[in-house]
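There are 2 protein chains.
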Amino acid sequence: MDSKEISPVVIARLPRYYRYLGELKENGIERISSKELSGRMKVTASQIRQDFNNFGGFGQQGYGYNVDYLYEEIGKILGLTKKYRMIVIGAGNLGQALAGHSAFERRGFLLTAIFDIDPKLEGKKIHGIPVTGMGELPGFIKKQGADIAVITTPSEAAREIASELYQYGVRGFWNFAHTDLHLPEDAVVENVHLTESLMRLSYALKTLE
Amino acid sequence: MDSKEISPVVIARLPRYYRYLGELKENGIERISSKELSGRMKVTASQIRQDFNNFGGFGQQGYGYNVDYLYEEIGKILGLTKKYRMIVIGAGNLGQALAGHSAFERRGFLLTAIFDIDPKLEGKKIHGIPVTGMGELPGFIKKQGADIAVITTPSEAAREIASELYQYGVRGFWNFAHTDLHLPEDAVVENVHLTESLMRLSYALKTLE
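First to last, the sequence lines map onto chains R and Y.
Sequence positions in the first sequence follow this note's numbering and run 3 to 211.
Sequence positions in the second sequence follow this note's numbering and run 3 to 211.
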């Protein structure tokens, strides 16, 4: 199976399946039919069966899906069985909040360093990890490597820092800066543009009137 | 013009147009052609013209678009000329980060209160606004109202709190809890599921291998 051939629309639904299955597991539910899952996911049952067929099915006709098994398999597809070394760039409010988010750690995203340009923050511990000056960045990555950089700097700085990180070998970027990063094709960028999200909410509120 | 008839795909692109136009304004650029905008947006020029035609055009053939005008008009469509009273539920790291984000304030999203269930946080000032106990919530909303609630509580609490807020009259929900809210149809929910975003990044990194 070459997972590259799966449609991006299906892939985009996987984290949500994974979340629902995690909730079912926590509630001690061992089996679920595509119909029940459909009610929770607000996706049709036939859509769910089609989605899962992309990955070889997972279910037995009439018995529903084994929740544990499905959870594990989707986790594998999403690459969650791996460990990622994650560094946070920018130790402001958002950087601190993301650095301290224990749910990420549980999923295998391990915070290994936090960098900031402000010398006043240097040495300050955030969830046990000291903030390091930006000057240490090249040496740190050369020595320890990093799989994912979480960018929480102001927009103006973000592009330049991302390009630097790319040169040092970082390929995964979780971008919270209010701008797009311009990186070569073998880098992957996942954007979280909070202000745009708030604008969509604003628009939706307007349509209620 | 009834903005409700515009396709959600076009609407979804508007915050990004708005962001680019804001960057152009900051750089003192007064006019831009659909071709130049296309290069920046990574959308075809004809797509841009089609998108803008939904809202009556904005451009003159051969002269390009007036950046200021376009920025203002898209802002109006998105409802950004209004002021929203925004309350944050949950004064943890993420709640504090969102409460202190001055860019939201500039766009008209005014933080009016922060609530938390933890009595130890009560009275603590976050960017000038004291954290208030959850017991004060009904009285506060009855007196001052609230347009948007930012939900940063743990998943288990989020649904119940959102239903309560709905009963008090809140209709806009910016949900950061790792769960879906179940609310009546006249509520609007914009989800920011950070863990799912990180899983998409994980999947994308896996496809690089």
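We put the CB at the ideal spot given by N, CA and C, even for glycine.
Looking at the structure shown, is residue i part of a helix, part of a strand, or coil, going by DSSP?
i: residue 31/Y; result: coil
i: residue 192/Y; result: strand
i: residue 174/Y; result: strand
i: residue 183/Y; result: coil
i: residue 120/Y; result: coil
i: residue 135/R; result: strand
i: residue 127/R; result: strand
i: residue 197/R; result: helix
i: residue 114/Y; result: strand
i: residue 13/Y; result: helix
Does residue i get closer than 8 Å to chain Y when you measure Cβ to Cβ?
i: residue 19/R; result: no
i: residue 54/R; result: no
i: residue 41/R; result: no
i: residue 148/R; result: no
i: residue 206/R; result: yes
Within 8 Å of any Cβ in chain R, is that where the Cβ of residue i sits?
i: residue 190/Y; result: yes
i: residue 98/Y; result: yes
i: residue 6/Y; result: Residue placement at residue 6/Y is poorly supported in this model, since its pLDDT is 48, which falls under 50; the coordinates still yield a value, given next. Yes, residue 6/Y counts as interfacial toward chain R.
i: residue 31/Y; result: no
i: residue 118/Y; result: no
i: residue 13/Y; result: yes
i: residue 153/Y; result: no
i: residue 199/Y; result: yes
i: residue 194/Y; result: yes
i: residue 112/Y; result: no
i: residue 210/Y; result: yes
i: residue 174/Y; result: yes
i: residue 102/Y; result: yes
For residue i, does the count of other Cβ atoms within 10 angstroms reach 16, so buried, or fall short, so exposed?
i: residue 65/R; result: exposed
i: residue 11/R; result: exposed
i: residue 104/Y; result: exposed
i: residue 17/Y; result: buried
i: residue 177/Y; result: buried
i: residue 155/Y; result: buried
i: residue 134/Y; result: buried
i: residue 9/Y; result: exposed
i: residue 48/Y; result: exposed
For residue i, which residues of its own chain have a beta-carbon under 6 Å away from its beta-carbon, when the five flanking residues on both sides are left out?
i: residue 160/R; result: 153, 179, 181
i: residue 143/Y; result: 170
i: residue 228/R; result: Because chain R in this structure spans residues 3 to 211, residue 228/R falls outside the shown range and cannot be described.
i: residue 192/Y; result: 176
i: residue 172/R; result: 148, 151
i: residue 35/Y; result: 66
Within 8 Å (strictly less), CB to CB, does residue i reach chain C?
i: residue 180/Y; result: As a matter of chain content, chain C is missing from the structure shown, whose protein chains are R and Y.
Once the 5 residues before and after residue i are set aside, which same chain residues still bring their CB inside 8 Å of it?
i: residue 87/R; result: 112, 114, 146, 147, 148, 149, 150
Return the chain-ordered list of same chain residues with a C-beta closer than 7 Å to the C-beta of residue i, the five sequence neighbours on each side being excluded.
i: residue 140/Y; result: 170
i: residue 29/R; result: none
i: residue 27/R; result: 69, 70, 73
> Taking the runs of the alpha helix (DSSP H) that are 4 residues or longer, which of them lie wholly in the stretch 61-92 of chain Y?
Replying inline: Restricting attention to alpha helix (DSSP H) runs no shorter than 4 residues, the stretch 61-92 of chain Y encloses them at 69-79, ordered along the chain.
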